[in-house]
Amino acid sequence: MDVTVAQLEALLAVGEHGSFTRAGQALGRTQSAVSRAVAALESALGGPVVHRDEVGFTELGRTVATHASAVLDGLRTINGLAAEVRTPTLRVGAVASALVSFVPTAVQRLQRDWPRSQVLTLQGEDDELLAWLADGTIDLAVTTQPGPDSQRVLDDEFLAVVPKDHPASRQDRVRLAELIRLGVADPGGTCGPALAEGFAANGVEWRPDHVVRDVRTVVAMAAAGITAGVAPAMALPDPLPVAVTVRPLAPRLSRRVYLHYRLADAEVVHFVEHLTTW
C-alpha cells in the first residue's frame, strides 16, 4: 500500500476547512487535485475516509487523520533537524593585506567553535567590497575605507620589517627619519598614501627606495637582505621568516581597518568577535 504525504495533507485540510475547495486554497492546490488525493487515499485503504454529502470524516477517516497528524508532525521535526545540521556558510570579502593572517586566524577560531561552519573568502579592492556587500554577494567586508553600512573600526599598526643583520634590528623602536636614511620599501596599495600622510604629520618625507605590490614582497626582500620595509601588522605572515625581524616605529603609525556587515546572523556576529580579538 502506497500512502503519500500529499494524500495525508489533503485529508487533514478537508477535515480542518470543511470543504474540498477551501482545503485546496489552504494547500495551494485545485479543488480537483485535493479530491483526487483523497480518492487515491481511499483506494489505498479500501474504504471511504470522508462523507461526500456533508463533508466530514468517516470512522476510518478519523483514525487515519489521527495517525496522519502524528506522521506530518514527525516529518516537520525531521526537517527541523536537517536545518540544524546544515553547514553554515559565511562569505567574507577582504583587501589583500587582511587575507594574509588576519582573516585566516579568525576563520580558524570560528571553525574551532563551529566545526561544521564553512567560510568562503574573496579578495577585492575597497570599492568592490562595499558593492559586493550592498548586493548580497558577501556577508562581511574588511576594508581600509569607511562605508555606509554598520561597521567597527580596528587599529592596524605599521611596523618596520628589517633583515636580522640590519642596523634597525638592534633598536627597540625605529625612528621614521632613520628608516628613510637606511632605505625602505613601500608595500603598495593603500598603505603608501597612509604612510606618506603619517610621515608628513611627523615632519618626515616618505621617500621609499622601492615600491612593490604587496607585503609578501616586502618580507621577501627583507629576508634576502635587500632592504628594510614597512608593513601593517595584520598583513605580516605568521611565522615570519627566520631572517626577518619587525620593530615598532617611533612615533607610532597606524591605519584604520573597517568591518562592514548588515546581517545579524550568529555566524557573522561570532566571526566579528574573533576578528576584533585579533
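Residues in the sequence shown are numbered from 5 upward in steps of one, following this note's numbering.
Glycine is no exception: its CB is placed at the ideal position from the N, C-alpha and C atoms.
Buried or exposed (CB count within 10 angstroms, at least 16 for buried), residue i
i: V99; result: buried
i: Q11; result: buried
i: D143; result: buried
i: R120; result: exposed
i: V248; result: buried
i: H71; result: exposed
i: L3; result: This structure leaves residue 3 out entirely; the chain is present only between 5 and 282.
i: T231; result: buried
i: V107; result: buried
i: R116; result: exposed
i: E46; result: buried
8 Å contact criterion, which residue i and residue j should meet: CB distance rounded
i: L124; j: H274; result: Contact doesn't hold; Cβ gap of about 16 Å is too wide.
i: D159; j: S258; result: 5 Å
i: V75; j: V53; result: 15 Å between Cβ atoms; not a contact.
i: A227; j: P212; result: With 8 Å as the limit, A227 and P212 do not qualify as a contact, their Cβ atoms being about 18 Å apart.
i: L263; j: R185; result: Rounded, the Cβ-Cβ distance is 37 Å, inconsistent with contact.
i: A27; j: A14; result: 7 Å
i: V59; j: G22; result: 6 Å
i: L101; j: A239; result: Per the sequence shown, residue 101 should be read as Ser rather than Leu. Rounded, the Cβ-Cβ distance is 4 Å, consistent with contact.
i: L64; j: G51; result: 5 Å
Nonlocal neighbours in the same chain, by C-beta distance under 6 Å from residue i, ignoring five residues either side
i: L133; result: G97, A145, T147
Identity of the residue in the options nearest residue i by Cα
i: A237; options: V246, R220, G60; result: R220
i: V216; options: T194, A102, V111; result: T194
i: A48; options: A37, T8, L16; result: T8
i: A30; options: W136, R40, V18; result: V18
i: V272; options: E13, L16, T93; result: T93
i: E209; options: P167, D218, A181; result: A181
i: D176; options: Q155, R256, S101, A204; result: R256
i: H278; options: A205, D218, W118; result: W118
i: A138; options: R266, A224, T281; result: R266
i: E201; options: F162, V42, D169; result: F162
Proximal residues to residue i (C-beta, below 7 Å), its chain only, five neighbours per side dropped
i: V178; result: A164, A172, R251, L253, A254
i: V222; result: V165, A189, P191, V216, G233, A235
i: P241; result: V104, S105, V223
Contacts around residue i, its chain only, beta-carbon distance under 8 Å, and the 5 residues preceding and following it disregarded
i: L16; result: A69, A72, S73, L76
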